[in-house]
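Working notes for the structure below.
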Amino acid sequence: QKEVEQNSGPLSVPEGAIASLNCTYSDRGSQSFFWYRQYSGKSPELIMFIYSNGDKEDGRFTAQLNKASQYVSLLIRDSQPSDSATYLCAVSPSGGSYIPTFGRGTSLIVHP
Amino acid sequence: EAQVTQNPRYLITVTGKKLTVTCSQNMNHEYMSWYRQDPGLGLRQIYYSMNVEVTDKGDVPEGYKVSRKEKRNFPLILESPSPNQTSLYFCASSFHGGAPAGELFFGEGSRLTVL
Chain Z
374 QKEVEQNSGP LSVPEGAIAS LNCTYSDRGS QSFFWYRQYS GKSPELIMFI
424 YSNGDKEDGR FTAQLNKASQ YVSLLIRDSQ PSDSATYLCA VSPSGGSYIP
474 TFGRGTSLIV HP
Chain Y
378 EAQVTQNPRY LITVTGKKLT VTCSQNMNHE YMSWYRQDPG LGLRQIYYSM
428 NVEVTDKGDV PEGYKVSRKE KRNFPLILES PSPNQTSLYF CASSFHGGAP
478 AGELFFGEGS RLTVL
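Residue numbers (the working numbering), protein chains in the order written: chain Z, 374 to 485; chain Y, 378 to 492.
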């Protein structure tokens, strides 16, 4: 059973701080890694994806991937109250399949 | 506008009364999937389809049926709903072989309550 683990939180950070969200996965051959943001009662929306080891930056968001440690993280700089949401980590397995496995999500609260 | 459309968005029904939740996408995606989301349990996959007439079970298929007769539509059928199927349901689609592989486009969700 391929697994994706996330701390459920909530992770509470003050406005303007860096929020760090973490995810580990069990399938060593996983190829693609995704971060989805989900506001309460709404559908998930993709905010970042990463394929290669290292960092990928997009605005205030940075995804970090370490395949050796089977670890992927999302950093949100200058956190805003509008970033308050649940962040879902998703991992696409090896073997040519692109069907992602989702973690249970981490709830982020950014307080003014 | 590219989108995944689910209907109904909200439904209250009673045990045993068959219902269908429709899902349609206008992006010509091969892959479609149904998830349910419950507090503390995250997104759990019910069924998925790699293409027309090709469907397969996900992690929690019991009590559900699907069909894929057309590429754009992937309805979820609850033949005899029970209270433990009360949940928030999401349909999602993806382009087969596209990049990034595995990016899913979600519908707005269907909140189902079974009394």
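Beta carbons are placed, not taken as given, at the ideal position from N, Cα and C, and that holds for glycine.
Report task. Determine the burial state of H484 (chain Z): buried for a count of at least 16 other Cβ atoms within 10 Å of its Cβ, exposed for fewer. Result -> Exposed, because fewer than 16 other Cβ atoms sit within 10 Å of the Cβ of H484 (chain Z).
Query raised in the report: If you run the structure through DSSP and keep just helix, strand and coil, what is S457 (chain Z)?
Result: Here S457 (chain Z) sits in coil by DSSP.
**Report entry** Status (buried if at least 16 other CB within 10 Å, exposed otherwise) for A476 (chain Y)
**Finding:** Here the model assigns A476 (chain Y) a pLDDT of 49, short of 50, so the residue's position is not dependable and the matter cannot be decided.
Query - Supposed close pair E456 (chain Y), K434 (chain Y) - CB separation, criterion 8 Å - result: K434 (chain Y) and E456 (chain Y) do not touch by the CB rule: their CB atoms are close to 15 Å apart, not below 8 Å.
Query raised in the report: Does the pairing of the segment 381 to 398 of chain Y with the segment 388 to 400 of chain Z give three or more beta-carbon distances under 8 Å?
Result: No, because fewer than three Cβ pairs between the segment 381 to 398 of chain Y and the segment 388 to 400 of chain Z fall closer than 8 Å, the two stretches do not touch.
Query - Inter-residue Cα distance where the pair is R413 (chain Y) and I423 (chain Z) - result: Linking R413 (chain Y) to I423 (chain Z) through their CA atoms gives a straight-line distance of about 25 Å.
Query raised in the report: Is it right to say G354 (chain Z) is buried, meaning 16 or more other beta carbons lie within 10 angstroms of its own, or is it exposed?
Result: In the structure as shown, chain Z begins at 374 and stops at 485. Residue 354 (chain Z) is therefore absent and cannot be evaluated.
Requested in this report: Output the residue ranges of the beta strand (DSSP E) runs that lie fully inside the segment 384 to 426 of chain Y and measure 3 residues or longer, sorted by chain position.
Outcome: Entirely contained in the segment 384 to 426 of chain Y, the beta strand (DSSP E) runs reaching 3 residues are, in chain order, 387 to 390, 396 to 402, 408 to 415.
Report task. Look at the alpha carbon of S471 (chain Y) and the alpha carbon of S465 (chain Z), and state the distance between them as a whole number of angstroms. Result -> A straight-line Cα-Cα distance of about 12 Å links S471 (chain Y) and S465 (chain Z).
Query - chain Y contact for P383 (chain Z) (CB, 7 Å cutoff) - result: No, P383 (chain Z) does not count as interfacial toward chain Y.
Requested in this report: Measuring only between beta-carbons, confirm whether E378 (chain Y) sits less than 7 Å from chain Z.
Outcome: Interface flag for E378 (chain Y) against chain Z is unset, since no Cβ pair is found closer than 7 Å.
Query raised in the report: When Cβ atoms are compared, which residues of the segment 416 to 430 of chain Z fall closer than 8 Å to chain Y?
Result: The residues in question are S416, P417, E418, L419, F422, Y424.
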